[in-house]
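Mind the numbering: the sequence shown is residues 1 to 332 in UniProt numbering, read in order. Ideal placement from N, C-alpha and C gives every residue a C-beta, glycine not left out. Shown next, in structure tokens, is the structure this report addresses.
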Amino acid sequence: MSSLLVTGGAGFIGSNFVRHVLATTDHNVTVLDAITYAGNAASLDGLPEDRFRLVVGSVCDADLVNDLVADHDVTVHFAAESHNDNSLNDPSPFIQTNLVGTYELLQAVRRHDKRYHHISTDEVYSDLELDDPAKFTENTPYNPSSPYSSTKAGSDLLVRAWVRSFGVQATISNCSNNYGPYQHVEKFIPRQITGLIDGVRPKLYGAGENVRDWIHVDDHNSAVLRIIDDGVIGETYLIGADGEMNNKSVIELILELMDQPTDAYDHVNDRPGHDMRYAIDATRLRTELGWTPTYRDFRSGLAATIDWYRANEDWWRPMKAATEAKYAKTGQ
């Protein structure tokens, strides 16, 4: 039986990863999470106490990180500041968590010779033109465009340097946009769903032509576990499910699935530096590691996500009012 330390495990993707690991393996899991606004201990409710524990703390706390890494076989690093709008308003937390936090973890896994997996994003590559047939691959040059994506790119480069210079046993994965249960209501899809539940018209940045490559969070996490088990040390794997769709089409599909007119939304000013298109080529992951997604149909995955938010108002409602008040100040 292995033991996993999961940083950021009370966040959206991290909490779903913890649930996936506990449901599909015999591993024990410890979560290290600072429980900032994006982390929610309620996302971990109901997990087996004999195989799971939550430690509240920061990945920037060198002593805490050192002790936890020493006690676990594998460290999986999800913890990150990850909201582009927030990074434009105040980049400083992104520097601390995404760069300093990654450094502390790398030093600890180096010191104790532990396996490490680093979760990253396709946003490190910048964006593609709407009419460009290309997709991101493991060889795409980094070209980040925001404080968020630049600090994630920097953390990836730290991992690569620690592998080459110090022999750290690490792998990296860069994933496209996730959706599914337990996602904070500030994010695009849950914001529209929870707003519609409350009778509020969705809001769309600009013309809504920006394309994202959507993947259900369960598929992302099954791929991460496959990389941890079978991935080649020092290598990077891109995770995607061929789910390209522009934001306008996503909003219209949400409206349709929630029995609303598909034009019942409002346009707001576009976000500064808004990337146009992301697209993942996950060929390496599929051919070398044999991974395939379960949710091949975005429509069915989105319908299941809508059902989850309808059934779990007690989870998201406490954060909804504060989130909308923040957006109202900027007219969004």
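Whether residue i touches residue j by CB criterion (8 Å)
i           : j      : result
residue 333 : Ser155 : As displayed, the chain neither begins before 1 nor continues past 332, which places residue 333 out of reach and without an answer.
Asp122      : Ser176 : yes
Gly9        : Ala38  : no
Tyr179      : His216 : yes
Leu105      : Val59  : yes
Pro147      : Leu88  : yes
Tyr265      : Arg310 : no
Thr97       : Glu81  : yes
Asp218      : Asn16  : yes
Val100      : Ile189 : no
Ala223      : Leu285 : yes
7 Å Cβ shell around residue i - same chain, five flanking residues per side excluded
i      : result
Val21  : Leu4, His27, Val29, Leu225
Thr140 : Tyr125
Lys320 : Val185, Thr194
Leu253 : Arg299, Leu302
Arg160 : none
Thr272 : Rather than Thr, the amino acid found at residue 272 in this sequence is Pro. Excluding residues within five positions, the ones whose Cβ falls inside 7 Å are Leu88.
Chain-order list of residues whose beta-carbon lies under 6 Å from that of residue i (same chain, five-residue window excluded)
i           : result
Val211      : Glu244, Asn246, Arg277
Ile227      : Thr171, Ser173, Tyr237
Asp127      : Asp275, Met276, Arg277
Pro144      : Val124, Ser150, Ala153
Asn269      : none
Lys248      : Gly208
residue 415 : In the structure displayed, the chain extends from 1 to 332; residue 415 sits before or after that span and is not available.
Nearest-angstrom beta carbon gap, residue j and residue i [assumed within contact, 8 Å]
i           : j      : result
Ala170      : Trp162 : 7 Å
residue 336 : Glu209 : The displayed coordinates of the chain run from 1 to 332. Any statement about residue 336 would go beyond what the structure contains.
Thr36       : Ile95  : Actually they are not in contact, since the Cβ atoms of Thr36 and Ile95 sit about 15 Å apart, beyond 8 Å.
Asn66       : Ala108 : 5 Å
Val18       : Leu44  : 7 Å
Ile13       : His220 : 6 Å
Whole-angstrom distance between residue j and residue i, CA atom to CA atom
i      : j      : result
Arg299 : Lys187 : 18 Å
Thr292 : Asn312 : 29 Å
Asp242 : Ala282 : 8 Å
Trp315 : Trp308 : 10 Å
Gly290 : Glu235 : 16 Å
Leu47  : Asp71  : 20 Å
Ile306 : Asp198 : 13 Å
Thr24  : Tyr205 : 38 Å
Val6   : Phe78  : 7 Å
His117 : Val232 : 11 Å
Lys326 : Asp113 : 43 Å
Thr137 : Gly240 : 11 Å
Thr287 : Leu157 : 25 Å
Leu54  : Val168 : 26 Å
Leu257 : Gln192 : 12 Å
Arg110 : Ala62  : 13 Å
Asp259 : Arg296 : 23 Å
Arg115 : Ile280 : 26 Å
Asn86  : Glu324 : 14 Å
Asp263 : Leu196 : 13 Å
Residue burial classification, residue i (beta-carbon count within 10 angstroms, cutoff 16)
i      : result
Ser92  : exposed
Val56  : exposed
Lys329 : exposed
Ser165 : exposed
Ala322 : exposed
Asn40  : buried
Cβ-heavy atom distance, residue i to the ligand COA, below 7 Å
i      : result
Arg296 : Only the bare structure without any ligand can be found here, which leaves the ligand COA out of the picture.
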